[in-house]
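**Student:** Mapping the sequence shown onto UniProt numbering, position 231 (from 1) lands on 231, and the numbers just tick up by one. Virtual Cβ for every residue (Gly too), placed ideally from N, Cα, C.
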Amino acid sequence: RCCTNKVNVIIRLDSEQKTLLSDVGIQRDLIPVGREVAGVVLQVGPKVTFFQPEDEVVGILPLDSTCSGLCDVVDIDEHYLVQKPEKLSSVCVAAALRDGLSAYTALHTHARIAAGHTLLVMDGGSSFGLMCIQLACYHGVKVLTTSHSPQQHTFLEQVRPSVARVIPVYNNSSDLLPVVLEETGGLGVDIVIDSGVCLQEEEEEEKKFLPHKHDIISVLGVGGHWVTSHQDLQLDPPDCRLLHLKSASVSFLNPEVWTASSAQQGRYLRILPMCHLKHAQSSLQSLGILNTFFCRYSERYCGENVNWSPQVTRILQTQPTKMK
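Right, dumping it as structure tokens:
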């Protein structure tokens, strides 16, 4: 029974991480949270070649790490770290790193974006969606996105660099296809990046704004590419035939794959700095909007990150986490 001044909460913070750990054969009773870290190097081992004490670094702890990024000091392999950009604070970098890595992987590794492409980002108001928008705009891509509320719609229209069209889906998702065809001259988009897919007509309340898989395939142009985060995606024969007619392709986005194989370490270390350096080079105004967005919407959209208390936030802003 709950006390009069207490609230019972079912923790869903790491449900996806638990499933992923189980899939790769890692069984644990306790799972560390807060794997994004930013801080100052305290000490280095004798075989460390990339860093020196007092270097400012940022990185993501590997999936099988036994340490939490919320510790005062953690030991971490140097191949999971990169130098922190001078223009960005530790708090900003740590908050944006995971979504930046996911967005860069989706756009470059999977979709192979290039200037002149047309991109549809589903749920552009999420932290991941906002990262996709900014990275795509930086590369000269025409961006369309969807909004899930009037407040989110207003916010996305004010984001700079601006998107070509914000499509509201909180009233009727059937508006998606005609608007996309109107914006692309009836050709469809080159790339679609989703944040989940509705597999059935009737879904729970939290998934009511997710696009149906057939709608996503319908907005793809010839030779288009669909990058999905839905690990249980099932395509029916009619959907496969439509993809075949368009010569389109589907990729599954799992950013954890970079640390799953040592063969990918080189590309991983090259991508990490780009996740935040691209933003630092594009415009500081965009970074300001991004930082404000994380603060204002963290409770609703950053479910995978820890919701810091005001006391912890002040500590992080004044004393960056030390690492060795």
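How would you call Gln43, buried or exposed, if buried means at least 16 neighbouring beta carbons within 10 angstroms?
**Tutor:** Translated into the one-based positions of the sequence shown, residue 43 becomes position 43. With fewer than 16 Cβ atoms within 10 Å of its Cβ, Gln43 is classed as exposed.
**Student:** Pick out the complete beta strand (DSSP E) segments inside the region 133-170, 3 residues or longer, and give them in chain order.
**Tutor:** Correct list: 142-147, 165-168.
**Student:** By Cβ distance, which residues of its chain are closer than 7 Å to His148, with the 5 residues on each side in sequence left out?
**Tutor:** Translated into the one-based positions of the sequence shown, residue 148 becomes position 148. Correct list, in chain order: Asp123, Gly125, Val169, Tyr170, Phe209.
**Student:** I want to know whether the region 245-253 touches the region 142-162 - three or more CB-CB distances under 8 Å.
**Tutor:** At 8 Å Cβ cutoff, the stretches do not touch.
**Student:** Write down the C-beta distance between His108 and His225 rounded to the nearest angstrom, noting that I regard them as a contact closer than 8 Å.
**Tutor:** What you label residue 108 is simply residue 108 of the sequence shown in a count that begins at 1. What you label residue 225 is simply residue 225 of the sequence shown in a count that begins at 1. Not confirmed; about 12 Å, so no contact.
**Student:** Gly59 and Gly34: beta carbons closer than 7 Å?
**Tutor:** As a first step, residue 59 must be located in the sequence shown, where it is residue number 59. As a first step, residue 34 must be located in the sequence shown, where it is residue number 34. The answer is no: Cβ separation not under 7 Å.
**Student:** Given a threshold of 16 other Cβ atoms within 10 Å of its Cβ, counted over all protein chains shown, does Cys240 qualify as buried or as exposed?
**Tutor:** Sequence index remark: in the sequence shown, residue 240 carries index 240 (1-based). Per the 10 Å Cβ criterion, exposed.
**Student:** So, is Val192 buried or exposed, given that buried needs 16 or more other C-beta atoms within 10 angstroms?
**Tutor:** As a working note, residue 192 is residue 192 in the sequence shown. Burial call: buried.
**Student:** Taking the beta carbon of Ala115 as the centre, do at least 16 other beta carbons fall within 10 Å, making it buried, or is it exposed?
**Tutor:** Walking along the sequence shown from the start, residue 115 turns up at place 115. Exposed.
**Student:** With Gly129 and Val141 assumed to form a contact (beta carbons below 8 Å), what rounded beta-carbon distance in angstroms separates them?
**Tutor:** Residue numbering aside, residue 129 sits at position 129 when the sequence shown is read from its first letter. Residue numbering aside, residue 141 sits at position 141 when the sequence shown is read from its first letter. Contact flag wrong, Cβ pair sits at about 14 Å.
**Student:** If Tyr80 sits next to Leu61, beta carbons under 8 Å apart, how far is it from one beta carbon to the other, in whole angstroms?
**Tutor:** Along the sequence shown, one-based indexing puts residue 80 at 80. Along the sequence shown, one-based indexing puts residue 61 at 61. With a Cβ gap of about 7 Å, Tyr80 and Leu61 count as contacting.
**Student:** Tell me whether Leu177 sits in a helix, a strand or coil according to DSSP, three-state version.
**Tutor:** As a position in the sequence shown, residue 177 is number 177, starting the count at 1. Looking at Leu177 - three-state DSSP - the assignment turns out to be helix.
**Student:** Return the CA-CA distance between Asp194 and His139, expressed in angstroms with no decimal places.
**Tutor:** Counted from its first residue, the sequence shown places residue 194 at position 194. Counted from its first residue, the sequence shown places residue 139 at position 139. Approximately 19 Å between the Cα atoms of the pair.
**Student:** Out of Leu243, Ser229, His230, which has the shortest C-alpha to C-alpha gap to Val219?
**Tutor:** Here residue 219 refers to the residue found at position 219 of the sequence shown. Ranking Leu243, Ser229, His230 by Cα distance to Val219 puts Leu243 first.
**Student:** Within the continuous beta strand (DSSP E) that includes Ile191, where are the two ends?
**Tutor:** Here residue 191 corresponds to residue number 191 of the sequence shown, with the count starting at 1. Taken as a continuous stretch (DSSP letters only), the beta strand (DSSP E) holding Ile191 covers 189-193.
**Student:** Using the three-state DSSP reduction, which class does Ile60 fall into: helix, strand or coil?
**Tutor:** By 1-based counting over the sequence shown, the position of residue 60 is 60. Here Ile60 sits in strand by DSSP.
**Student:** Helix, strand or coil: how does DSSP classify Val73 here?
**Tutor:** Numbered from 1 along the sequence shown, position 73 holds the residue referred to as residue 73. The answer is coil: DSSP assigns Val73 none of H, G, I, E or B.
**Student:** So the candidates are Gln134, Asp175, Val93; which of them puts its Cα closest to the Cα of Gln158?
**Tutor:** Walking along the sequence shown from the start, residue 158 turns up at place 158. Taking only the C-alpha atoms, the option nearest Gln158 is Gln134.
**Student:** Would you kindly check if the distance between the Cβ of Pro53 and the Cβ of Val41 is under 7 Å?
**Tutor:** Indexing the sequence shown from 1 puts residue 41 at position 41. Indexing the sequence shown from 1 puts residue 53 at position 53. Cβ atoms of Val41 and Pro53: closer than 7 Å.
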